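Trainee:
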Amino acid sequence: MTLAAYEQRAESFRSTIPRDPNDNLIRLVDEALPAGGHVLELGSGTGRDAAELERRGHRVRRTDATLAFVEMMRADGVDADQLNALTDDYGGPYDVIFADAVFLHFTPDQLATVLRKCAKAAPLLAFTTREGDGAEWSDRHLELPRLFTLWQEDPLRGLLTETGWQVLQLHRGQTRSGGWFHILAKAVDG
16 MTLAAYEQRA ESFRSTIPRD PNDNLIRLVD EALPAGGHVL ELGSGTGRDA
66 AELERRGHRV RRTDATLAFV EMMRADGVDA DQLNALTDDY GGPYDVIFAD
116 AVFLHFTPDQ LATVLRKCAK AAPLLAFTTR EGDGAEWSDR HLELPRLFTL
166 WQEDPLRGLL TETGWQVLQL HRGQTRSGGW FHILAKAVDG
């Protein structure tokens with residue numbers, strides 16, 4: 016249902032979200048990865064974060080599960096691939112996987128699957144997710160329902176550990192929609 020909402024309202028979403036990239040998350044990537052790093056962006060959406068990562072010298076593979084966003088990025092003159100983080104192979108290897116406001120759309124079991132796949136594709140992971148309790152359906156920005164899974168710090172750290180990640184940095188941020196975690200993690204060798 017969440018992907019269908021984005022598929023139907025990609026242009027509407029683009030016009031209602033902030034145009035600026037997520038500098039807090041991008042800064043975590045910059046601190047951990049020298050310019051020229053190979054980044055897999057899951058859920059590129061409008062492509063704003065990828066453009067900033069590239070401006071800072073990184074090579075980015077833009078991907079999204081929603082064909083409407085892939086076509087939007089291509090219309091903007093950049094390469095983009097349709098990739099479903101749950102079901103598709105990520106390719107690689109990459110230096111870092113970047114996922115801004117993507118993992119919040121997965122149930123805990125789905126996120127565990129995605130985190131394990133990420134650990135096989137890159138040694139670093141930079142992502143944001145919402146802080147809170149439980150899950151909620153919201154039509155904010157799209158007027159169609161989307162699933163949002165909210166996290167507390169300890170269960171999120173526990174899931175990362177269980178799926179092969181060590182948290183290097185965890186920062187909190189606040190927006191109109193609530194609290195956010197900005198996380199940089201390192202894959203733990205088998």
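Going by the working numbering, the letters in the sequence shown line up with residues 16 to 205, in that order. A virtual CB, placed ideally from N, CA and C, is assigned to each residue, including glycine. Small disclaimer: the values here were computed from a predicted structure and weren't measured.
Tell me which residue opens and which closes the beta strand (DSSP E) that GLN184 is part of.
Mentor: Here the beta strand (DSSP E) through GLN184 covers 180 to 190.
Trainee: Around the Cβ of VAL203, are there at least 16 other Cβ atoms within 10 angstroms (buried) or fewer (exposed)?
Mentor: Counting Cβ neighbours within 10 Å, VAL203 comes out exposed, since fewer than 16 surround it.
Trainee: Would you say the beta carbon of LYS132 is closer than 7 Å to some non-hydrogen atom of the ligand ATP?
Mentor: You won't find the ligand ATP in this model; it holds no ligand whatsoever.
Trainee: Determine the burial state of ARG187: buried for a count of at least 16 other Cβ atoms within 10 Å of its Cβ, exposed for fewer.
Mentor: By the 10 Å Cβ count, ARG187 comes out exposed.
Trainee: In whole angstroms, give me the CA-to-CA distance for THR122 and ALA150.
Mentor: Looking at the two C-alpha atoms, the distance is approximately 8 Å.
Trainee: Could you tell me whether the segment 106 to 126 touches the segment 159 to 179, where touching means 3 or more Cβ pairs closer than 8 Å?
Mentor: Touching, yes.
Trainee: Leaving aside the five residues before and after GLY51 along the sequence, list all residues of the same chain whose C-beta is less than 8 Å from its C-beta, in chain order.
Mentor: The answer, listed in chain order, is GLY72, HIS73, ARG74.
Trainee: Assuming contact is defined by CB atoms lying nearer than 8 Å, are GLU67 and PRO108 in contact in what I supplied?
Mentor: In this structure, PRO108 does not lie closer than 8 Å to GLU67 by Cβ.
Trainee: Check whether the segment 87 to 106 and the segment 48 to 65 touch, using three or more Cβ-Cβ pairs below 8 Å as the test.
Mentor: Result yes; three or more Cβ-Cβ pairs closer than 8 Å.
Trainee: I need the straight-line Cα distance from LEU48 to GLY106, nearest angstrom please.
Mentor: For LEU48 and GLY106, the distance between alpha carbons rounds to 19 Å.
Trainee: In or out: GLU177 buried (at least 16 other Cβ within 10 Å) or exposed?
Mentor: Exposed.
Trainee: Expressed to the nearest angstrom, what Euclidean distance is found between the alpha-carbon atoms of LYS135 and ASP110?
Mentor: If you take the alpha carbons of LYS135 and ASP110, they lie about 11 Å apart.
Trainee: Ends of the alpha helix (DSSP H) at ARG70?
Mentor: Segment 63 to 70, the alpha helix (DSSP H) holding ARG70.
Trainee: Determine the closest residue to TRP180 out of GLY194, ARG145, ARG77, LEU139, with distance taken between C-alpha atoms.
Mentor: Comparing Cα-Cα distances from TRP180 to each of GLY194, ARG145, ARG77, LEU139, the minimum goes to LEU139.
Trainee: Give me the Cα-Cα distance between ASP192 and GLU56, rounded to the nearest whole angstrom.
Mentor: According to the sequence provided, residue 192 is Ser. The question's Asp does not apply to it. Answer to the nearest angstrom: the Cα atoms are 23 Å apart.
Trainee: Return helix, strand or coil for LEU40, following the three-state DSSP convention.
Mentor: In this structure, LEU40 counts as helix in the three-state DSSP scheme.
Trainee: When the distance is taken between beta carbons, is ALA127 closer than 8 Å to LEU174?
Mentor: In this structure, ALA127 lies closer than 8 Å to LEU174 by Cβ.
Trainee: Alpha carbons only, please: which of PRO170, ARG145, ASP169 is nearest the one belonging to HIS197?
Mentor: Nearest of PRO170, ARG145, ASP169 to HIS197, Cα basis: ARG145.
Trainee: Going by C-alpha distance, which of ARG77, LYS201, ARG172 is nearest LEU219?
Mentor: For the chain, the structure presents residues 16 to 205; residue 219 sits outside this window and is missing.
Trainee: Express the C-alpha separation of GLY147 and ASP124 in angstroms, rounding to a whole number.
Mentor: Computed Cα separation, rounded: 17 Å.
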